[in-house]
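S.K.: The UniProt record's numbering numbers the first residue of the sequence shown as 1 and each following residue consecutively.
Don't be surprised by glycine CBs; every beta carbon is placed ideally from N, CA and C.
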Amino acid sequence: MPSPVPESAPYIPGCSSSSARLSRFAGSADSSDMPSSGRVWVVLGDIHGCIRRAGNIPELEYAAGVILTGDLTTLGGVAAARTVIEAFQAVHPVILAQIGNMDRAEVNDWLEAKGINLHRNVRELSPEVALLGVGGSTFSPFGTPSEFPEARFSEWLEDLARRASHYRELVLVAHTPPYNTVCDRTDGGLHVGSTAIRDFIEEYQPAACLCGHIHESAGIQRVGRTLVVNPGSFSTGAYALFTLDESGVRATLRRLA
Numbered sequence: 001m002p003s004p005v006p007e008s009a010p011y012i013p014g015c016s017s018s019s020a021r022l023s024r025f026a027g028s029a030d031s032s033d034m035p036s037s038g039r040v041w042v043v044l045g046d047i048h049g050c051i052r053r054a055g056n057i058p059e060l061e062y063a064a065g066v067i068l069t070g071d072l073t074t075l076g077g078v079a080a081a082r083t084v085i086e087a088f089q090a091v092h093p094v095i096l097a098q099i100g101n102m103d104r105a106e107v108n109d110w111l112e113a114k115g116i117n118l119h120r121n122v123r124e125l126s127p128e129v130a131l132l133g134v135g136g137s138t139f140s141p142f143g144t145p146s147e148f149p150e151a152r153f154s155e156w157l158e159d160l161a162r163r164a165s166h167y168r169e170l171v172l173v174a175h176t177p178p179y180n181t182v183c184d185r186t187d188g189g190l191h192v193g194s195t196a197i198r199d200f201i202e203e204y205q206p207a208a209c210l211c212g213h214i215h216e217s218a219g220i221q222r223v224g225r226t227l228v229v230n231p232g233s234f235s236t237g238a239y240a241l242f243t244l245d246e247s248g249v250r251a252t253l254r255r256l257a
C-alpha cells in the first residue's frame, strides 16, 4: 500500500526563501574496515531549478563528485533539467543525478543518454562500493509527474540488489526517504516516506541512504547500521557532505547563506 500522505505538499516548489528545519544529528560508522569510496561527496537535491548557489559550495574544490538526489526541476522537462545539470558541471566534472517526483519522465531518458543517471542503475564508486539509485516518489495527492506504487519500488530495489550483490558495501540514493524516520516527517508531523525503501534498508543494511523529497525534514538517522541522510532542499541552500572510507561512514549537514 502507498505510504501515508500529507494534507499539504511536503516540498517547496521554486526558489523558496522560507527556512527549512535543519535537524543536526551526529552520524559515523562503527566499522573500522569499510572499503573506500574515495573522497567526500557533495549530496544535494530538491533543487527545483534554483542554481544561483551552485558555485558557492566550498567543498567542491576537493570533492570526488556531486550526487543530485532528485527534483532537479519543478514540473520541468529536458530543457529545465539541462540548465541545472550544466550549472553543476560548470563547477565540478563529476555529476550523478536522477529524477524526483517533480521531474518529467523525459528527464530520466535524457540523464540516461548523458551517462550520468542514477535511477535504476548501479554505479561503481570503487571495486568494493556501489551506488544504487531509485528516483521519483510514492503516490501523493498532488499528481506530480514521476510517482510510482510501493510495489514498483520493491521491484526496482530487488533488481538493484541482485545486480550489485558482488559489492562489499552499498549506498542507496533514493529521492524518497524511508518511512518513519527523521527524514520523512512533514511539518504536520506525518511520516510520508516509502515503506519499500524502509524494508530494503532493514533487509540489506546498506552503508547509507542518501535521500530528499521532504524539504522540512533535513536530518541524519541510523536505521540499523544504515546512515539515512536527508540534506534538505538546495533551493534554500541546504546540502550534505558524505564520506565512506576505511574509518567508517560519515555525513554532515551544511547550508549556504
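With a CB to CB cut of under 7 Å and the five nearest residues on each side skipped, what residues in its chain are close to Tyr239?
M.R.: Val42, Val43, Leu44, Ile57, Pro231 and Arg254
S.K.: Alpha carbon to alpha carbon, what distance is there between Leu160 and Ile197?
M.R.: 12 Å
S.K.: Is Pro149 helix, strand or coil when you go by DSSP?
M.R.: coil
S.K.: Could you tell me the distance, in whole angstroms, from the CA atom of Leu170 to the CA atom of Cys211?
M.R.: 14 Å
S.K.: With distances taken between CB atoms, is the gap from Asp46 to Gly100 smaller than 8 Å?
M.R.: yes
S.K.: Taking the alpha-carbon positions, what's the Ala207 to Ser233 distance?
M.R.: 23 Å
S.K.: In this structure, does DSSP put Thr226 in helix, strand or coil?
M.R.: strand
S.K.: Confirm, please, whether the CB-CB distance from Ala54 to Ala79 is below 8 Å.
M.R.: no
S.K.: Determine, using beta carbons only, whether Gly49 and Val94 come nearer to each other than 8 Å.
M.R.: no
S.K.: So, is Pro178 buried or exposed, given that buried needs 16 or more other C-beta atoms within 10 angstroms?
M.R.: Pro178 comes out buried.
S.K.: Give the single residue among Pro127, Ser165, Leu241 and Arg104 whose Cα lies nearest to the Cα of Gly135.
M.R.: Arg104
S.K.: So who's on the other strand from Gly248, going by DSSP bridges?
M.R.: Asp245
S.K.: Shortest alpha-carbon distance to Ala218 belongs to which of Phe153, Leu131 and Leu241?
M.R.: Leu241
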